[in-house]
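Taking it in order: structure first as structure tokens, then the write-up.
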Amino acid sequence: MAAAPIISLPQGLAGVRKCILWPVGASFSNASFPLRRRSLSLRAAVSTSVPSSSAPVEVSKSSFKHCFTTGADGFLYCEGVRVEDVMEAVEKRPFYLYSKAQITRNVEAYKEALEGLNSIIGYAIKANNNLKILEHLRKLGCGAVLVSGNELRLALHAGFDPTKCIFNGNGKLLEDLVLAAEAGVFVNVDSEFDLENIVTAARLAGKKVRVLLRINPDVDPQVHPYVATGNKNSKFGIRNEKLQWFLDAVKSQPDELQLVGVHCHLGSTITKVDIFRDAAVLMVNFIDQIREQGFTIEYLNIGGGLGIDYHHTGAVLPTPMDLINTVRELVVSRDVRLIIEPGRSLIANTCCFVNRVTGVKTNGTKNFIVIDGSMSELIRPSLYGAYQHIELVSPPPPEAEVSTFDVVGPVCESADFLGKDRELPTPAKGAGLVVHDAGAYCMSMASTYNLKMRPPEYWVDAGSVVKIRHGETFEDHIKLFEDL
Ligand SMILES: *Cc1c(COP(=O)(O)O)cnc(C)c1O
1 MAAAPIISLP QGLAGVRKCI LWPVGASFSN ASFPLRRRSL SLRAAVSTSV
51 PSSSAPVEVS KSSFKHCFTT GADGFLYCEG VRVEDVMEAV EKRPFYLYSK
101 AQITRNVEAY KEALEGLNSI IGYAIKANNN LKILEHLRKL GCGAVLVSGN
151 ELRLALHAGF DPTKCIFNGN GKLLEDLVLA AEAGVFVNVD SEFDLENIVT
201 AARLAGKKVR VLLRINPDVD PQVHPYVATG NKNSKFGIRN EKLQWFLDAV
251 KSQPDELQLV GVHCHLGSTI TKVDIFRDAA VLMVNFIDQI REQGFTIEYL
301 NIGGGLGIDY HHTGAVLPTP MDLINTVREL VVSRDVRLII EPGRSLIANT
351 CCFVNRVTGV KTNGTKNFIV IDGSMSELIR PSLYGAYQHI ELVSPPPPEA
401 EVSTFDVVGP VCESADFLGK DRELPTPAKG AGLVVHDAGA YCMSMASTYN
451 LKMRPPEYWV DAGSVVKIRH GETFEDHIKL FEDL
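In UniProt numbering, the protein residues as written are 1 to 484.
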């Protein structure tokens, strides 16, 4: 399918292309940004045959810059495209805007870190399951980490190599395990009943399943309790004192199971990499013990969980290189293939959730900016009290007063906020406001609460704005009741 233009006037795009990685604070003249007040080139969701998605994207390893930057003119840009111009060009409702080049750069950072190691980058699909993004990640060489049968179906649909896919979860259903066995993906063993189901699935599929034991290393990742998964009272994984039981169980099913590795996943939003090393030390000791019993262990899977700089305060956070360097020697010493399962650190910082200000109000001592987006489209602040940086997309009028605001949506819940106590210039009605770092666990957690339909998604690809997911409509909702 050829790219279908919705609004097409790709004037001066060559000029925009050059502005990838525009340094913060560099001066923006109108001449450099001919898109200003002109239509953007906007393509509909495109097929996998679009040449630009397979063409190499410029990557600057030395000078990492965030893909959303404020120009000296005070406007917010995504890879050289003014976010306000995108708002003018697309549907008039909240939307997600990604930088395709940033996704590429994030994968490159992991690849660079993994140089010299035999490894698999398994992207955790639950962080963001946009099909176009998945296809891009697959083309960049990633595998996929799955937690449901539908995520497995989607990964296969996106063309992921099943031998680079890992099926995880504490409650995997038998029917989904059968699918996993048929597809030939790795399966993590999470519990006694899970092992039983995997054996049954192997028999039903007529295939031997390659399994990893998910061992709960009991380390504290020092993160929000909802996203800590590797401590001893977690619902995930098996406790090491039960290891022998599992090894015996696997040994007794030689036609159904092949034990190929061990897995752990400590949690998410982790900002100290030494706990990955602590966990890896424990895991290689398990590998030694398991190998002593005659198993051929080929894989060490250390999970995902690397955090990102949500606060935008210039703090220095560990990079993929820092993470891999803490475990590199251990991996080499045991001659295993390293599997990592990043979700957030591949996709979170590639995206802004773009809203319009509906109005500003004051109640008692509180000031509120009410926007059209809400907890329905982006629930992390409500769910975890998560901080995501918020800013306006255009310079405020000179008379605008700076105040402290709660940024809230229209949904009928007091938990419906995107940010609390944010110091911002008082925005005009209709002004653009973005919630940063919205690429992971935002759209994939979106609901239709209050019948706020799930928003469309776009990415900036080489200076063009391309739709990569349709927004859901009221008609889509009514269809669920057809013929009933
Ligand atoms: C959620 C999850 C991941 C990804 O975590 P991030 O924090 O997004 O990197 C990886 N592995 C498993 C088993 C998970 O459950």
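Just so you know, even glycine gets a beta-carbon here, dropped at the ideal spot from N, CA and C.
Source: prediction; values computed, not measured.
Could you tell me which residues DSSP pairs with residue i in its beta bridges?
i, result
"K433", "The sequence shown places Leu at residue 433, rather than the Lys named in the question. Per DSSP, N355 and L392."
"N106", "Its beta-bridge partners do not exist; DSSP assigns none."
"G419", "V407"
"residue 492", "The first residue shown for the chain is 1 and the last is 484, placing residue 492 beyond what the model contains."
"G385", "Paired residues: none, contrary to the question."
"T448", "In DSSP, T448 forms no bridge with anything."
"Y441", "Looking at the DSSP assignment, Y441 forms no beta bridge with any residue, so it has no partner."
"E246", "Note that residue 246 is Phe in the sequence shown, not Glu. Its beta-bridge partners do not exist; DSSP assigns none."
"T163", "DSSP, once it has assigned bridges, lists no residue as partnering T163."
"V187", "F167 and V211"
"I379", "Paired residue(s): none; I379 is not in a bridge."
"T69", "Y77"
"K361", "F368"
"R93", "According to DSSP, R93 bridges with nothing at all."
"P425", "V402"
"N301", "H263 and I339"
Taking residue i as part of the alpha helix (DSSP H), name the residues at either end of that continuous run.
i, result
"L323", "P320 to R334"
"N285", "D274 to E292"
"K232", "Element bounds for K232: n/a, residue is neither H nor E."
"R138", "L131 to K139"
"T200", "E192 to A205"
"R344", "R344 to I347"
"I478", "F474 to K479"
Just to confirm, does residue i get its C-beta within under 7 Å of one of the non-hydrogen atoms of ligand 3?
i, result
"L306", "Questions concerning ligand 3 fall outside what the structure shown contains, since the ligands it does hold are ligand 1."
Please report the residue range of the beta strand (DSSP E) in which residue i lies.
i, result
"L146", "G143 to L146"
"A182", "Here the sequence assigns Glu to residue 182, which means Ala is not the residue at that position. Not the beta strand (DSSP E): E182 falls in the alpha helix (DSSP H), residues L174 to A183."
"E457", "E457 to D461"
"V262", "L257 to H263"
"V86", "Looking at the DSSP string, V86 is not in any beta strand (DSSP E); the run it does join, the alpha helix (DSSP H), is V83 to A89."
"V465", "S464 to R469"
"Y310", "No beta strand (DSSP E) contains Y310, which DSSP labels as neither H nor E."
"I339", "R337 to I340"
Should residue i and residue j be called a contact, given that it needs their Cβ atoms to be closer than 8 Å?
i, j, result
"L174", "G149", "no"
"G471", "R153", "no"
"L97", "C442", "no"
"G143", "G116", "no"
"I371", "T362", "no"
"L266", "V331", "no"
"V199", "L146", "no"
"L424", "L378", "no"
"G463", "G80", "yes"
"Y387", "F95", "no"
"A127", "A440", "yes"
"N349", "H66", "yes"
"V262", "I297", "yes"
"V189", "L204", "no"
"I270", "A113", "no"
"G419", "G373", "no"
Measuring only the C-alpha atoms, how far is residue i from residue j?
i, j, result
"D421", "G430", "21 Å"
"N170", "E151", "15 Å"
"A415", "L433", "19 Å"
"A400", "D85", "22 Å"
"D476", "V90", "20 Å"
"N129", "S403", "37 Å"
"E108", "L140", "9 Å"
"R82", "Q289", "56 Å"
"S252", "I238", "19 Å"
"S333", "I215", "20 Å"
"S39", "R469", "Note that S39 has pLDDT 44, beneath the 50 cutoff, so the model's placement of it is unreliable and no number is given."
"T104", "K164", "19 Å"
"K61", "L346", "Residue placement at K61 is poorly supported in this model, since its pLDDT is 42, which falls under 50; the coordinates still yield a value, given next. Cα to Cα, K61 sits roughly 15 Å from L346."
"V465", "S99", "9 Å"
"A155", "L134", "8 Å"
"G206", "V284", "32 Å"
"E196", "E292", "24 Å"
"I369", "P396", "14 Å"
"S268", "F481", "38 Å"
"I287", "A124", "24 Å"
"T229", "K272", "16 Å"
"L76", "S191", "48 Å"
"S447", "D335", "44 Å"
"E182", "V211", "14 Å"
"D406", "M87", "23 Å"
Would you check if the stretch 325–339 and the stretch 299–313 touch, i.e. whether three or more CB-CB distances between them fall below 8 Å?
The stretch 299–313 vs the stretch 325–339: in contact.
Could you say if the stretch 378–387 and the stretch 153–167 meet the contact criterion of at least three C-beta pairs nearer than 8 Å?
A contact is defined here as three or more CB-CB pairs under 8 Å, and the stretch 378–387 fails this definition with respect to the stretch 153–167.
Between the stretch 274–287 and the stretch 245–259, are three or more C-beta pairs nearer than 8 Å?
no
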